[in-house]
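What follows is a set of notes on a single structure, which appears directly below.
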Amino acid sequence: MSVTEPDSTANGLAGTPVTTDGTTEDAWVSWMDAQEPWPELTLDIERLVVLGAHPDDEVLGAGGIMAAAAQAGIEVVVVCMSDGRASHPGSPTLSPDQLADRRHIELDTATELLGVAPPRWCGLRDGALAEQRHTIGGIVESIVAEAPTLATGLLSVWSADGHPDHDTVGAVAGEVAARLDVPVWWYPIWMWHWAAPGDPTIPWHRLRAHRIDPAILAVKHAAINAFDTQVRPLSDDPADAAILPPHVLAHLIRTREFVFT
Numbered sequence: 001m002s003v004t005e006p007d008s009t010a011n012g013l014a015g016t017p018v019t020t021d022g023t024t025e026d027a028w029v030s031w032m033d034a035q036e037p038w039p040e041l042t043l044d045i046e047r048l049v050v051l052g053a054h055p056d057d058e059v060l061g062a063g064g065i066m067a068a069a070a071q072a073g074i075e076v077v078v079v080c081m082s083d084g085r086a087s088h089p090g091s092p093t094l095s096p097d098q099l100a101d102r103r104h105i106e107l108d109t110a111t112e113l114l115g116v117a118p119p120r121w122c123g124l125r126d127g128a129l130a131e132q133r134h135t136i137g138g139i140v141e142s143i144v145a146e147a148p149t150l151a152t153g154l155l156s157v158w159s160a161d162g163h164p165d166h167d168t169v170g171a172v173a174g175e176v177a178a179r180l181d182v183p184v185w186w187y188p189i190w191m192w193h194w195a196a197p198g199d200p201t202i203p204w205h206r207l208r209a210h211r212i213d214p215a216i217l218a219v220k221h222a223a224i225n226a227f228d229t230q231v232r233p234l235s236d237d238p239a240d241a242a243i244l245p246p247h248v249l250a251h252l253i254r255t256r257e258f259v260f261t
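Residue numbers (our numbering): 1 to 261.
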């Protein structure tokens with residue numbers, strides 16, 4: 001993740017800083033249970049290109065889907081647009097270069113735990129992906145073009161997630177999918193924090209559920225814990241606070257993952 005707070009201009013709603021409590025997981029569970037049954041996610045593809053803005057996005061939002069796809073014989077290609085060096089600005093403990101190195105190791109470890117190939121690293125500027133839309137589009141198109149004979153789909157962080165980097169990657173994924181006529185699914189992350197159950201501005205009718213096998217769920221939890229720089233403070237200094245406090249993580253360690261079609 002990045003330290004940037006949810007952006008109210010990205011979704012038309014007031015962003016809720018992750019340092020506050022946001023919507024509780026109990027509220028989400030109660031509401032989601034009342035909406036059952038949710039349509040199930042089906043991946044009728046041979047290759048899944050998974051797009052994240054920062055190292056950990058893809059594991060947090062879709063680690064279970066990624067692991068299940070790999071077990072089903074689908075080729076999973078993880079693409080991380082930035083190196084996450086901006087997650088702790090002003091940190092007295094780690095420089096941006098040191099932080100980028102740590103986060104690289106963390107995502108490599110997490111993807112290995114999930115049973116997918118090492119991620120592709122693009123090295124774009126963390127916190128400024130909106131300025132690099134054309135480059136992101138070229139990257140995604142070139143990766144899809146690597147396997148022209150395989151039925152390929154895109155799985156991206158959501159285009160209205162409320163974080164500027166997330167929204168950019170998601171929007172570009174939609175544009176590329178339309179140009180190349182390939183399916184695309186979007187996984188939300190920050191939305192679970194700032195949105196409210198039943199919010200009329202959220203396209204709930206497009207939501208699809210993936211129930212995570214218990215063994216895969218245990219592996220996903222281990223993969224999330226690999227992101228030490230994000231789930232635990234770097235030090236006692238306020239600038240080193242955990243980016244993913246427990247009330248945010250609670251939304252991302254469920255027995256189900258949800259994506260928008």
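Even glycine gets a Cβ: it sits at the ideal position worked out from N, Cα and C.
Endpoints, the alpha helix (DSSP H) within which W192 is located: Where W192 is concerned, the enclosing alpha helix (DSSP H) stretches over 191-194.
Checking 8 Å against the spacing of the C-beta atoms, do V176 and G52 come in under that value? No, these two residues do not count as a Cβ contact at 8 Å.
Taking the straight line between their C-alpha atoms, what separation do you get for D58 and D213? The question names Asp, but residue 58 is Glu in the sequence shown. Taking the straight line joining both Cα atoms gives about 18 Å.
Taking all protein chains shown into account, do 16 or more other C-beta atoms lie within 10 angstroms of the C-beta of A69, making it buried, or fewer, making it exposed? With 16 or more Cβ atoms within 10 Å of its Cβ, A69 is classed as buried.
What separation, rounded to the nearest whole angstrom, lies between the Cα atoms of L244 and V231? Cα to Cα, L244 sits roughly 5 Å from V231.
Span of the alpha helix (DSSP H) holding H221? Segment 214-225, the alpha helix (DSSP H) holding H221.
Check whether T109 and A215 have beta carbons under 8 Å apart: For the 8 Å CB-CB criterion, T109 and A215 do not form a contact.
Report the partner residues of R133 according to the DSSP bridge assignment. Answer by DSSP bridge pairing: none, since R133 is not bridged.
Give the C-beta separation of A151 and I45 to the nearest angstrom, bearing in mind that I take them to be a contact with Cβ-Cβ under 8 Å. Their Cβ separation, rounded to whole angstroms, is 5 Å, which keeps A151 and I45 in contact under 8 Å.
Taking only the alpha-carbon atoms, compute the straight-line gap between W31 and L217 and give it to the nearest angstrom. Here the alpha carbon of W31 sits roughly 22 Å from the alpha carbon of L217.
Residue burial classification, G90 (beta-carbon count within 10 angstroms, cutoff 16): Classification of G90: exposed, given that the 10 Å Cβ count is below 16.
Through-space distance from A86 to G127, alpha-carbon basis: CA-CA distance, G127 to A86, rounds to 7 Å.
Give the C-beta separation of L114 and V219 to the nearest angstrom, bearing in mind that I take them to be a contact with Cβ-Cβ under 8 Å. 6 Å between Cβ atoms; contact.
Could you compute how far the alpha carbon of P188 sits from the alpha carbon of H205? Using only the alpha carbons, I get a separation of about 14 Å.
Per DSSP, what are the beta-bridge partners of H166 in this structure? BP columns for H166 are empty, so no partner.
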